[in-house]
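S.K.: Residue numbers (mature numbering (1 follows the signal peptide of the UniProt record, and there is no 0)): -29 to -1, 1 to 169.
Every residue gets a Cβ at the ideal spot worked out from N, C-alpha and C, and that includes glycine.
Fair warning: this is a prediction, and the values are worked out from it, not measured in the lab.
#1: Could you please give me the residues that DSSP links to residue 55 through a beta bridge?
#2: Tell me the DSSP secondary structure of residue 135 in three-state form.
#3: Within a Cβ cutoff of 8 Å, which residues of the same chain sit near residue 36, ignoring the five residues on either side of it in sequence?
#4: Look at the alpha carbon of residue 121 and the alpha carbon of residue 109, and state the distance between them as a whole number of angstroms.
#5: What's the call for residue 156, buried or exposed, on a 16-neighbour Cβ count within 10 Å?
#6: For residue 13, which residues does DSSP report across the bridge?
#7: Can you find the residues in the same chain that come closer than 7 Å, C-beta to C-beta, to residue 64, ignoring five residues on each side of it along the sequence?
#8: Specify the secondary structure class of residue 144 as computed by DSSP and reduced to three states.
#9: Got a sec, what are the start and stop residues for the alpha helix (DSSP H) residue 45 sits in?
#10: Contact check, residue 74 vs residue 47 under 8 Å by CB: the rounded distance?
#11: Distance check for residue 106 and residue 1, CA to CA, integer angstroms please.
#12: Which of the three DSSP states is assigned to residue 117 in this structure?
#13: Helix, strand or coil for residue 7? Go by DSSP, reduced to three states.
#14: Candidates 132, 141 and 90: which alpha carbon is nearest residue 147's?
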């Protein structure tokens, strides 16, 4: 009889505990805010504001102040200035997509919810880069931490060099050749030097 009574008490406690948890549970939401900015804009350019709602979002993110937690390796601390009291994000350097195309951090308001912020840097020079190899093999062991970065072979724009010399003079020039997606070719003179002998 005591075993059955203990079983009933345990069952009743479990049901009560489950009901209390379901009513008192805090549901913390993670918000995503995405921004885009063109490369080459000046230092101090405003990228956007954390916490401002987008037209398509059903519920606006919580308001400032925020604790900013950068994703490791994303250079948020060196390349961006984030005002924790207003949520304003500004550039601390002239952003260059060839150097870094993406920034990511988490903003945590007083409510404790997460606002994941992603900033994409748009390429504005429209010239397709040339890669030194047609493909690369990169290995990631299964115990690799999340957001681990690997170095890729750098892509470069094509430089054309011309030079000629004689006993009377010499000349040299360097041009940048760019080809867009439509196959149109644009060549710009970067620098030149010439000299006539005495």
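M.R.: If we stick to the structure as given:
#1: Numbered from 1 along the chain shown, position 84 holds the residue referred to as residue 55. According to DSSP, residue 55 bridges with nothing at all.
#2: Residue 135 sits at position 164 when you count from the first residue of the chain shown. Here residue 135 sits in strand by DSSP.
#3: The residue labelled residue 36 in the question sits at position 65 within the chain shown. If we look at residue 36 and ignore the five residues flanking it on each side, its Cβ neighbours are 55, 56, 80 and 81.
#4: Against the chain shown, residue 121 aligns to sequence position 150. Against the chain shown, residue 109 aligns to sequence position 138. One C-alpha to the other measures close to 8 Å.
#5: For the purposes of this step, residue 156 is taken as residue 185 along the chain shown, with counting starting at 1. Label assigned to residue 156: exposed.
#6: In the chain shown, counting from the first residue as 1, residue 13 sits at position 42. Answer is none; residue 13 lacks a bridge partner.
#7: Numbered from 1 along the chain shown, position 93 holds the residue referred to as residue 64. Closer than 7 Å at Cβ, skipping near neighbours: 14 and 50.
#8: The residue given as residue 144 occupies position 173 in the chain shown. Of the three classes helix, strand and coil, the one that applies to residue 144 here is strand, per DSSP.
#9: Here residue 45 is taken as the residue at index 74 of the chain shown, counted from 1. First-last for residue 45: undefined, no H or E at that position.
#10: Numbered from its first residue, the chain shown carries residue 74 at position 103. Numbered from its first residue, the chain shown carries residue 47 at position 76. Between residue 47 and residue 74 the Cβ distance is about 6 Å, and since that is below 8 Å, they are a contact.
#11: Along the chain shown, one-based indexing puts residue 1 at 30. Along the chain shown, one-based indexing puts residue 106 at 135. Spanning the two alpha carbons is a distance of roughly 36 Å.
#12: The count along the chain shown starts at 1 and reaches residue 117 at position 146. In this structure, residue 117 counts as coil in the three-state DSSP scheme.
#13: To locate residue 7, count along the chain shown from 1; it is residue 36. Three-state DSSP puts residue 7 in a strand.
#14: Taking the first residue of the chain shown as position 1, residue 147 is located at position 176. Checked all of 132, 141 and 90; the closest Cα to residue 147 is 132.
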